[in-house]
Amino acid sequence: MELCAASPEAIQVKICDFRESHIYNPQPQIEKPFQPCIPFLICAPEILFSGIAPPVPSMDIWALGVLLYMVINEWMTPFGPESGVLRLEGENVLRMMVLYLGKFPDQYWTQWKEQGKYFGEYGNLKSGSQRMLTFFMYESEYYGTDSEEAEEFVSLLKKIFRYEPYERIDAEDVVRLLPSGWNE
Numbered sequence: 120m121e122l123c124a125a126s127p128e129a130i131q132v133k134i135c136d137f138r139e140s141h142i143y144n145p146q147p148q149i150e151k152p153f154q155p156c157i158p159f160l161i162c163a164p165e166i167l168f169s170g171i172a173p174p175v176p177s178m179d180i181w182a183l184g185v186l187l188y189m190v191i192n193e194w195m196t197p198f199g200p201e202s203g204v205l206r207l208e209g210e211n212v213l214r215m216m217v218l219y220l221g222k223f224p225d226q227y228w229t230q231w232k233e234q235g236k237y238f239g240e241y242g243n244l245k246s247g248s249q250r251m252l253t254f255f256m257y258e259s260e261y262y263g264t265d266s267e268e269a270e271e272f273v274s275l276l277k278k279i280f281r282y283e284p285y286e287r288i289d290a291e292d293v294v295r296l297l298p299s300g301w302n303e
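With my numbering, letter number 98 in the sequence shown gets 217, and the count goes up by one each step, no holes.
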């Protein structure tokens, strides 16, 4: 990043979207269903459960939250067991989401056929299952920042990682809520 800031005229960016980018239309007129080719680890819950979804900004906000988390935590994924695991299956991603964020809303909870392996009816862990410590591993301190920045970052993630798309913050709020000093 320092090199980019030192000589911005030397920056060359190439963008490839593999036909995954879309221009957002608040009133979509999609003739055929859109099946995104997004890795399970960065998929919003509505994609994991339906497999087909209209491209909306809230899906991108979820993915952005995952990427921000990974950058700060040396590529550890928020819904994966260890750093660098990018091909975790959907079942395990769902289980990790519930461990970290709590029970899914009913429309997702009832669709998830395997939830009974790990959780009781109300989202409580079945005996013998191991509870993860906390989703926000570095609530008091994380790599390269002070505790105030860490608190701001955790607060941002809590607003991004909401199961319901309409409850997630938008891009303007993400920029506004970035820890002080990040967007200067």
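All C-beta atoms in this analysis are idealised placements derived from N, C-alpha and C, irrespective of residue type, glycine included.
Verify whether the separation of the beta carbon atoms of residue i and residue j is less than 8 Å.
i	j	result
Gly184	Phe280	yes
Tyr227	Phe198	no
Ile161	Leu187	no
Lys245	Gly239	yes
Val294	Ile180	no
Val175	Pro284	yes
Buried or exposed: where does residue i fall if 16 or more other Cβ atoms within 10 Å of its Cβ makes it buried?
i	result
Tyr241	exposed
Glu165	buried
Gln230	exposed
Val190	exposed
Let's see if you can read the secondary structure: which residues bound the alpha helix (DSSP H) around residue i?
i	result
Gln226	Asp225 to Trp228
Ser299	Unbroken run through Ser299: none, as it is neither H nor E.
Asp179	Pro176 to Ile191
Glu267	Ser266 to Ile279
Glu210	Gly209 to Leu220
Leu160	Premise fails: Leu160 is in no alpha helix (DSSP H) and is neither H nor E.
In whole angstroms, what separates the C-alpha of residue i from that of residue j?
i	j	result
Leu296	Leu275	6 Å
Asp61	Tyr282	Within the shown structure, residues of the chain are numbered from 120 to 303, placing residue 61 beyond reach of any answer.
Trp194	Glu210	21 Å
Lys278	Asp289	9 Å
Phe168	Ala269	31 Å
Phe223	Asn192	25 Å
Ala163	Met178	6 Å
Ala182	Phe159	10 Å
Tyr237	Arg214	8 Å
Ser299	Arg287	21 Å
Glu291	Trp301	14 Å
Which one or two residues does DSSP pair with residue i in a beta bridge?
i	result
Leu244	Phe238
Is residue i close to chain B? Criterion is C-beta to C-beta, closer than 8 Å.
i	result
Asn211	Chain labels in this structure do not include chain B; a single protein chain is all it has.
Let me check you understand the geometry: is the CB of residue i closer than 7 Å to at least one non-hydrogen atom of the ligand GTP?
i	result
Leu183	Annotation note on the ligand GTP: not contained in the displayed structure, which lists no ligands.
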